[in-house]
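Asker:
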Amino acid sequence: MKYLYADVDHNAVPDFLPDSDRFGGDTGIKGHEIAVGYKINKRVSVGLDYYATEDPVTNVDQDILQLDLKVKF
Numbered sequence: 000m001k002y003l004y005a006d007v008d009h010n011a012v013p014d015f016l017p018d019s020d021r022f023g024g025d026t027g028i029k030g031h032e033i034a035v036g037y038k039i040n041k042r043v044s045v046g047l048d049y050y051a052t053e054d055p056v057t058n059v060d061q062d063i064l065q066l067d068l069k070v071k072f
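Counting along the sequence shown from 1, when you hit position 50 you're at 49 in numbering that gives the first Met the number 0, and nothing is skipped either side.
1. Using the C-alpha atoms, what's the distance from residue 5 back to residue 21?
2. Nearest CA to the CA of residue 41: which residue from 70, 27, 32 and 55?
3. Measuring alpha carbon to alpha carbon, tell me which residue in 32, 3, 58 and 10 is nearest residue 26.
4. DSSP on residue 30, reduced to helix/strand/coil?
5. According to DSSP, what are the bridge partners of residue 38?
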């Protein structure tokens with residue numbers, strides 16, 4: 000399980016460094032990320048990521064839910 004709070008000011012970091020899943024990699028955002036993972040067996044695992052992000056300047060909110068299925072061969 001993972002929890003992360005991000006508050007990235009405009010132009011605080013180069014545009015290629017922020018997480019691209021969080022508001023498209025933009026800066027000038029605030030938000031939360033919650034992730035959980037479960038290993039089903041030694042070859043299969045599943046993960047769930049939730050991003051709740053906002054741009055305080057434009058008052059635009061973005062909610063993203065991602066499901067990851069990993070299979071090792």
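Beta carbons are placed, not taken as given, at the ideal position from N, Cα and C, and that holds for glycine.
Answerer: Let me spell this out:
1. 9 Å
2. 70
3. 10
4. strand
5. 44
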